[in-house]
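Colleague: Following this message is one structure expressed as structure tokens.
Protein chains: 2
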Amino acid sequence: MEATPAKKTSRIQTRNRRRILEAALEVFSQQGFRGATLDQIADAAGMSKPNLLYYYESKEAIHVQLLNALMEKWLAPLDHLDPAGEPLDEILGYVRRKMEMSRRFPRESRLFANEILQGAPRMHPHLQHRLKPLFDTKCALLRRWMDEGRLAKADPAQVLISIWALTQHYADFDTQVRILVPDESAGWRAAQDHVLTVVRKLLTPAPPAPAASTLR
Amino acid sequence: MEATPAKKTSRIQTRNRRRILEAALEVFSQQGFRGATLDQIADAAGMSKPNLLYYYESKEAIHVQLLNALMEKWLAPLDHLDPAGEPLDEILGYVRRKMEMSRRFPRESRLFANEILQGAPRMHPHLQHRLKPLFDTKCALLRRWMDEGRLAKADPAQVLISIWALTQHYADFDTQVRILVPDESAGWRAAQDHVLTVVRKLLTPAPPAPAASTLR
DNA sequence: GCGATTTTTTACCGTTTGGTCAAGCCACGA
DNA sequence: TCGTGGCTTGACCAAACGGTAAAAAATCGC
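Sequence lines, in order, name chains A and B.
FYI, UniProt numbering numbers position 68 of the first sequence as 68, with every residue one higher than the one before it.
FYI, UniProt numbering numbers position 41 of the second sequence as 41, with every residue one higher than the one before it.
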């Protein structure tokens with residue numbers, strides 16, 4: 001209720017903030033928090049270090065800002081799992097979205113990986129209060145689908161975790177993957193097809209079993 | 001051919017070197033290379049920083065030593081894939097060994113993850129000259145098994161990569177997993193069973209198809 | 001017990017780091 | 001045209017960093 005608190009973000013402000021976040025994402029995702037330096041970020045953003053600190057009060061503030069934005073982006077695909085849809089299609093669509101994110105936003109994935117690797121010192125609350133509830137909701141949905149026989153039975157939590165493991169691996173371990181599978185162009189296509197196959201084989205429900213044919 | 005080059009490692013030397021590596025593993029795996037400090041490592045090893053540098057000439061030397069030892073440990077399970085064994089059993093055994101390693105040596109896994117995340121600046125040669133050939137050999141083995149109809153057809157490289165993704169995830173993203181699946185004791189059992197199921201479903205070959213029953 | 005060698009410590013060095021400050025620049029409205 | 005206020009910069013700082021030198025302490029062979 002202050003009387004017109006202040007003039008809001010000017011054009012130059014938004015531009016520079018965006019530049020800084022872009023540069024910081026580049027540096028943090030590759031070097032981790034402590035490995036990154038303000039000079040590196042300022043350099044990548046094309047401005048001086050004091051100027052950078054004019055827009056963000058500290059190195060940590062930049063990092064936190066990135067992680068906050070990341071969390072929303074990261075949760076979105078999972079949120080789109082539609083309870084009214086065809087179970088297997090919904091899940092395969094989710095896998096496709098996650099693979100797409102690994103391909104298009106590998107830096108975000110590595111930023112996240114770095115944070116978790118270090119014990120999520122800054123993201124722990126987010127994980128507990130935003131990710132966990134959503135995770136539980138979707139686990140319940142998966143369990144319902146399984147109980148209805150529309151998905152093969154499995155531990156829903158483990159299913160989601162393995163989807164994350166499979167999809168994010170291609171971004172986080174990109175260096176290793178590139179060494180082992182040097183195929184540039186076809187690599188992502190092969191990866192996506194493979195992960196989709198894995199999840200399909202895992203979750204495709206057994207046919208309604210018309211007679212006694214399963215045993216031998 | 002020097003005349004009696006030097007007295008070899010004394011008892012106190014081996015003890016202190018071991019302490020240092022143990023401490024460094026703890027710190028590096030959690031903080032990454034640049035995030036770790038010599039003071040932290042020295043502290044964790046229970047000795048002074050100069051004393052630490054008496055045993056290893058630099059921070060990088062410690063890191064390299066750890067990575068070298070790690071590579072051997074990491075390759076061993078894959079090397080044990082027996083071409084003469086029953087394909088599915090061999091692979092499931094390999095998965096079991098990898099899960100066991102994630103459970104017993106999460107710090108090693110995270111050390112590796114950190115290194116790869118940062119583009120493998122120190123491990124790149126190792127990956128290319130030790131991991132890659134072994135990887136290719138085992139891919140060929142998998143392909144042979146698939147051609148013989150003893151494993152379901154799939155891209156062998158992607159199969160190995162996804163096994164790594166699934167198993168290492170439980171060590172590298174332990175923080176996240178613990179938040180989502182707080183179950184302490186049963187957690188690892190559930191995880192192992194799940195991963196084994198995923199791989200089994202992926203690679204179990206279709207039955208010999210006695211007649212025309214697959215199509216409805 | 002004693003000399004020689006290995007191990008440990010104290011004190012220190014140059015550099016890098018995150019961050020500050022005061023002054024300068026520049027766009028823009030009056 | 002000239003202020004005025006947001007934007008930018010060079011110079012600087014204290015702390016933390018990786019690493020060194022030399023002397024003290026502990027250990028070992030004898």
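We treat Cβ as the ideally placed atom computed from N, Cα and C, and that holds for glycine.
Would you please verify whether the beta carbon of SER162 of chain A is less than 8 Å from any beta carbon of chain B?
Modeller: Interface residue, yes.
Colleague: Please list the terminal residues of the continuous alpha helix (DSSP H) segment that includes ARG103 of chain B.
Modeller: Taken as a continuous stretch (DSSP letters only), the alpha helix (DSSP H) holding ARG103 of chain B covers 87-104.
Colleague: Strictly below 8 Å CB to CB, what residues from chain B border ARG110 of chain A?
Modeller: Near ARG110 of chain A (Cβ distances below 8 Å), the residues of chain B are LEU117.
Colleague: Under the assumption that VAL195 of chain A contacts LEU166 of chain A (Cβ atoms under 8 Å), give the Cβ distance between them as a whole number of angstroms.
Modeller: At roughly 5 Å, the Cβ-Cβ gap stays under 8 Å, so VAL195 of chain A and LEU166 of chain A are in contact.
Colleague: Taking C-alpha atoms, which residue in A:SER48, A:MET71, A:LYS138, A:ARG110 lies nearest to VAL159 of chain A?
Modeller: Among A:SER48, A:MET71, A:LYS138, A:ARG110, the Cα nearest to that of VAL159 of chain A belongs to A:LYS138.
Colleague: If you reduce the DSSP assignment to three classes, tell me which class LYS19 of chain B lands in.
Modeller: Residue 19 of chain B is actually Arg in this sequence, not Lys. Helix at ARG19 of chain B.
Colleague: Using a 10 Å radius around the Cβ and a threshold of 16 neighbouring Cβ atoms, would you call GLN128 of chain A buried or exposed?
Modeller: Label assigned to GLN128 of chain A: exposed.
Colleague: Answer yes or no: does any C-beta atom of chain B fall closer than 8 Å to that of LEU127 of chain A?
Modeller: It does; some Cβ of chain B falls within 8 Å.
Colleague: Nearest to ILE116 of chain A by CA position, among A:LEU70, A:ASP39, A:LEU202, is which residue?
Modeller: Checked all of A:LEU70, A:ASP39, A:LEU202; the closest Cα to ILE116 of chain A is A:LEU70.
Colleague: Using only CA atoms, which one of A:ASP82, A:ALA206, A:ILE20 lies nearest to SER58 of chain A?
Modeller: SER58 of chain A has its Cα closest to that of A:ILE20, out of A:ASP82, A:ALA206, A:ILE20.
Colleague: Tell me, to the nearest whole angstrom, how far the beta carbon of LEU78 of chain B is from that of LEU134 of chain B; I am working on the premise that it is less than 8 Å.
Modeller: That belief holds up - the Cβ atoms of LEU78 of chain B and LEU134 of chain B are roughly 6 Å apart, short of 8 Å.
Colleague: Got a sec: is the Cβ-Cβ distance from GLN31 of chain A to anything in chain B below 8 Å?
Modeller: Chain B, which has a Cβ nearer than 8 Å to the Cβ of GLN31 of chain A, makes this yes.
Colleague: Counting pairs of beta carbons, one from the stretch 89-96 of chain B and one from the stretch 105-112 of chain B, are three or more of them closer than 8 Å?
Modeller: These segments do not touch.
Colleague: ASP43 of chain A touches chain B at which residues, Cβ-Cβ below 8 Å?
Modeller: Result: empty, since nearest Cβ-Cβ is about 17 Å, beyond 8 Å.
Colleague: Please confirm whether ALA45 of chain B and LEU52 of chain B have their CB atoms less than 8 Å apart.
Modeller: Yes. Within cutoff.
Colleague: State the start and end residues of the unbroken alpha helix (DSSP H) segment that holds MET71 of chain B.
Modeller: Element bounds for MET71 of chain B: 59-79.
Colleague: In whole angstroms, what separates the C-alpha of TRP188 of chain A from that of LEU203 of chain B?
Modeller: Taking the straight line from one Cα to the other gives about 21 Å.
Colleague: Does the Cβ-Cβ distance between GLY119 of chain A and ARG34 of chain B come in under 8 Å?
Modeller: Not closer than 8 Å, so no.
Colleague: Can you check which of these residues, B:GLN192, B:GLU22, B:HIS169, is closest to ASN114 of chain A by C-alpha distance?
Modeller: Among B:GLN192, B:GLU22, B:HIS169, the Cα nearest to that of ASN114 of chain A is on B:HIS169.
Colleague: Can you name the residues of chain B whose CB is closer than 8 Å to the CB of ARG34 of chain A?
Modeller: Result: GLN31, GLY32, ARG34, GLY35.
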